[in-house]
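The structure appears below as C-alpha cells.
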Amino acid sequence: MRAALAQASLIRHRARTILAVLGVAVAAAMLLDMVMLATGMRESFRELLLSRGFEIRLAPKGTLPFDTDATIPGVSAIIATLRKNPDIREISPVLGASIHVLTGNRDVSGSALGINPSVQGDYELLSGRDVTTSDALVASDHLLRQLVARVGDTLNVATGYDPQTRTYSGQRKLVVTGRVRFIYGATDQSSAAMRRETLEGMNPQSRDRASLFMVRVRSGADAEQVRDWIDKQLPDVTAISIATAIAQVDERLSYFRQLALILGAVSLFVGFLLVTTLVTVSVNERVGEIAVMRAIGVSRSHVVEQIVLEGVAISLAGAVLGLALGLVTARYLNTILSAFPGLPMAIDFFLFQPRAAWSALGLLIVSSIGAGIYPAWRAASLPIAESLRREAIA
Amino acid sequence: MSAVTEFPLVSLREVRRDYALGAERVHALQGVTLDVERGDYVAIVGPSGCGKSTLLNLIGVIDQPTSGTVAIEGRRVEAMSDREATQFRLRNIGFVFQRFYLMPILSALENVALPMAEAKVPKVERLHRATELLKYVGLGNRERHRPSELSGGEQQRVAIARALANGPTLLLADEPTGELDARTGTEIISLFQRLNNDGTTLVVVTHDEDLASAARRKIHMRDGRVVDA
C-alpha cells in the first residue's frame, strides 16, 4: 500500500516528478562522467600497457620509454643476462629513430621502430603482411596518407638529414608490406616499423643499441620480483613494471583526478539537495494529509517510509536515465579529447568500469534516501491536532 | 451473561489544555470532567472557540492534556507513547472530519482499506470488508471512484466507512455535516443513527442543530468548560 501511495503521489504531480527525475539524471550523469574520468585514464593506460602482455619495460637509466633519444648499449649482453632468469619468457628490444621518407621532391618525416616481428608488442597488423624480410616496412595509415602510398609501394627511407649540406644519410629502399595500428601511437603520428637489423643497418651508430626492452614474464610469476631482479642485475637501465608506470601516471594525473573527484562530489551534493528540496516541498504541501494518516492510525515510520520511497523512486529513475546520459556524453567527450594531438589513440579518458559506476550511482541513491528521511520524519512528527487545525484554517 | 465493565468508555477528569499563541497562553480547556458510556451517542455543542474540537482531539488520542486525566477504555492517554497512541487509534478509534480528508490519489475502496492495510489485515479480507463497508454506507457502486469523482456527501460516507474499517469502539466526528447541504446532511445524520443503533459509540462535535438533536445526549460547552451535560 505504501508503494502504491508513493507511486500515486508521484503521478499526481507528474510535471514536478519528471523535472526532478531529469535533475537527478543530470547530476547522476555528471557524477558518472567524473568517476569515469577520475579513474578512466589510469585504467585505460593500464589496459594499454597490458594489452600485449609485456609486464616490464626497460628504459635508459632515469628516463621513461621514448621520453628522450637516449638508447641502451649492449643489447646482446642484456638479452643474455635477462635469459638467466627463468621467470622471463620473452624479450623484445625496440630501437626508435627518426626517419625521412623521400617521395618526389617531398620529405615526409616520421618515426620508425626497429623490432623483432615475432615478439613485438608495439603494433597490430591491419592488412598485408608483417616485416618478415629485411627490406620490409609496415606503416601507419597517417604516414601512408601523407605519402599517398599503399601496400606494395617501394619507399626511399633515410634515417638522417644534414640541413647544412642538405644530404640524407642511411638511405634504403623499403617495400611497404602492411598497414598497422601503433598501440602507443597518436592518431596524428606518422610511424613505421621495420626489423631492428634493418634500422641498425641504416644507422650504424645505433648498432647493438635499443631505446626500450619489453619483457614478458612467465605466467604466475611475480612481475615486481622480476623487476627487482633486473634492477640489481642491470644497474644501467631503469626497469619499469606496470605498477610503477601507473604510479608515475597517477602522480602526473593527480590534479586532473582531484578535479574530477571534486566535480563528482559537487554533482552528488546537487543530487542530494535536489531530492531534499523536492521532498521538503512535497511534505509541506501534504502536512494535512500526513496528519490525517497519523490520526487514522498510520505509524510515523510508515509515513516516513512512504515519503522516502518517493525520493528513492525519483533517484532510481534519475540514476537509470543518468547512466544512459552519462555514457552518451562520455562517449562524445572521449571522441573530442582522444583527438588531442600527441596522445596514444588507444587511451580512453572516460572508461566505464561497472564497479565504480555502480558505487557512484549507489552513493547517489543512498544519499537521496538520506535526503528524504529528515524532512519526512519532521513532517511525520508534527503535532497531529495542531496540523489538522492549521489545515482546517487554511 | 453479558460482560460488565467497571469503567466508562471515555473518562475525562479535570482536563486542562493550554496552547501557546505567540506570547500569549490560550486556555482551550479549563477543567473538563466527562464520561461517555459504551453505546452512547453524544453531541458536543457550543460556540466557535469554546474548546469542542480540542476536547474531541483529546478523546481521539491525537493530543495530550496539559493537566488532568483522559482515559479511553480504561487506558490513560497521557501515559501512552507515540507508538502506543498510534496503535490505539488504529484499533479503537474512528475519525470523521469536516473536510473528509480522503487520500485524493486512492479510490473509495482503497481509502477504506487503508487503515486495514496498516493493521496488517490480509489483502483479500480487507478488500472484502472495504466493499461491505461501502455497501453499508450506500456506496456499493462507487468503489473505483476517486474522491474528486464523488459528491461531498459521498466523500463523507467514504470517510465514515474508512473510520469503521478496523471495527473501532469509538467513532469521533468533527462537524461531519459542516461542508454538506441540508439534504446530504440529513443522510449522514441517518447513517450515524444507524451506526449507533448497531452498537457504535459516537461522539460528535457540531453546530448542526439537527445532528445534535439526533444524539442521545448533548454536552454544552463555553469558554473551555462543560456548562451543561
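Residue numbers (the working numbering), protein chains in the order written: chain C, 73 to 466; chain E, 7 to 235.
Cβ coordinates follow ideal geometry from the N, Cα and C atoms, glycine included.
Cβ-based burial, residue i [other Cβ within 10 Å; buried from 16]
i               : result
K58 of chain E  : buried
A448 of chain C : buried
Y404 of chain C : exposed
H172 of chain C : buried
L27 of chain E  : exposed
Y195 of chain C : buried
T204 of chain C : exposed
M7 of chain E   : Residue confidence for M7 of chain E is low, a pLDDT of 42 falling below 50, so the modelled location carries little weight; the figure read from the coordinates is stated next. When all chains shown are included, M7 of chain E counts as exposed.
P128 of chain E : exposed
E278 of chain C : Sequence inspection shows Ser at residue 278 of chain C; the Glu mentioned does not correspond to that position. It counts as buried.
Y327 of chain C : exposed
Nearest residue (CA-CA) to residue i, options the options
i               : options                           : result
S291 of chain C : C:E162, C:I441, C:G383 and C:E463 : C:E162
G55 of chain E  : E:V32, E:I65 and E:G45            : E:V32
Q425 of chain C : C:R114, C:R268, C:P132 and C:I90  : C:R114
I362 of chain C : C:R462, C:K245, C:S199 and C:V166 : C:R462
T175 of chain C : C:G193, C:L219 and C:S262         : C:L219
V164 of chain E : E:D46, E:L178 and E:R148          : E:R148
E127 of chain C : C:L345, C:A78, C:V289 and C:V147  : C:V289
G232 of chain C : C:S278, C:A428, C:H214 and C:G242 : C:G242
S453 of chain C : C:V191, C:R366 and C:W301         : C:R366
D308 of chain C : C:L346, C:G273, C:A131 and C:L154 : C:A131
I437 of chain C : C:R279, C:I368 and C:G390         : C:G390
I445 of chain C : C:V342, C:V375 and C:R244         : C:V375
S181 of chain C : C:R118, C:A211 and C:T310         : C:A211
L82 of chain C  : C:T401, C:A443, C:V355 and C:M266 : C:V355
S263 of chain C : C:L284, C:A411, C:A451 and C:L215 : C:L215
G95 of chain C  : C:I334, C:S313, C:P276 and C:F341 : C:F341
Residue span of the beta strand (DSSP E) that contains residue i, given as start and end
i               : result
I312 of chain C : V309 to S313
A49 of chain E  : Y47 to V51
K224 of chain E : R223 to R228
G250 of chain C : R244 to F254
V16 of chain E  : V16 to L27
T264 of chain E : Outside the displayed range of chain E (7 to 235) lies residue 264 of chain E, so it cannot be described from this structure.
D159 of chain C : D159 of chain C -> no beta strand (DSSP E), and no H or E assigned at all.
G231 of chain E : Looking at the sequence shown, residue 231 of chain E is not Gly but Arg. Start and end: R231 to D234.
S459 of chain C : From DSSP, S459 of chain C is part of no beta strand (DSSP E) but of the alpha helix (DSSP H) over I456 to I465.
A136 of chain E : Not the beta strand (DSSP E): A136 of chain E falls in the alpha helix (DSSP H), residues K129 to Y142.
L178 of chain E : L176 to D180
L108 of chain E : Unbroken run through L108 of chain E: none, as it is neither H nor E.
Host alpha helix (DSSP H) of residue i (start-end)
i               : result
I445 of chain C : P426 to A452
T207 of chain E : First-last for T207 of chain E: T207 to V211, but that is the beta strand (DSSP E), not the alpha helix (DSSP H).
Q218 of chain C : D213 to L219
N202 of chain E : A188 to N203
E361 of chain C : V359 to A367
T270 of chain C : R268 to M274
R372 of chain C : R372 to S410
L62 of chain E  : K58 to I65
M122 of chain E : A114 to E124
As assigned by DSSP and simplified to three states, the class of residue i
i               : result
F341 of chain C : helix
T239 of chain C : strand
G159 of chain E : helix
R97 of chain E  : helix
L136 of chain C : coil
T231 of chain C : coil
E43 of chain E  : coil
I318 of chain C : helix
V347 of chain C : helix
A218 of chain E : helix
M102 of chain C : helix
G176 of chain C : coil
D420 of chain C : coil
E12 of chain E  : coil
D300 of chain C : helix
A149 of chain C : helix
Y195 of chain C : strand
S190 of chain C : coil
Cβ of residue i within 9 Å of any chain B Cβ
i               : result
A169 of chain E : The structure shown contains no chain B; its protein chains are C and E.
query: Of all the residues that make up the segment 101-116 of chain E, which are near chain C by a beta-carbon distance shorter than 8 Å?
result: F101, F103, Q104, R105, Y107, M109, P110, I111, L112 and E116
task: Output, in sequence order along the chain, the residues in the segment 336-365 of chain C whose CB is closer than 9 Å to any CB in chain E.
output: Correct list: G360, E361, A363, V364 and M365.
query: Which residues, taken in chain order from the segment 60-92 of chain E, show a beta carbon closer than 8 Å to some beta carbon of chain C?
result: T60, N63, G66, I68, D69, D88, R89 and T92
query: Got a sec: which bits of the segment 203-218 of chain E sit with their beta carbon under 9 Å from any beta carbon on chain C, in order along the chain?
result: none
- prompt: Taking a cut of 8 Å between CB atoms, which residues from the segment 369-386 of chain C lie near chain E?
  reply: Under the 8 Å Cβ criterion, the segment 369-386 of chain C contributes G369, V370, S371, R372 and H374.
- prompt: For the segment 428-458 of chain C, which residues have a beta carbon sitting closer than 9 Å to at least one beta carbon of chain E?
  reply: Here the close residues are S453, P455, I456, A457 and E458.
- prompt: Using a Cβ cut-off of 9 Å, which residues of the segment 26-45 of chain E contact any Cβ in chain C, in chain order?
  reply: none
Contacting positions in the segment 76-98 of chain C - beta carbon closer than 8 Å to chain E: A76, L77, A80, S81, I83 and R84
- prompt: If contact means a Cβ-Cβ distance below 7 Å, which residues of the segment 172-191 of chain E contact chain C?
  reply: Going along the segment 172-191 of chain E in chain order, one finds no residue with a Cβ nearer than 7 Å to chain C.
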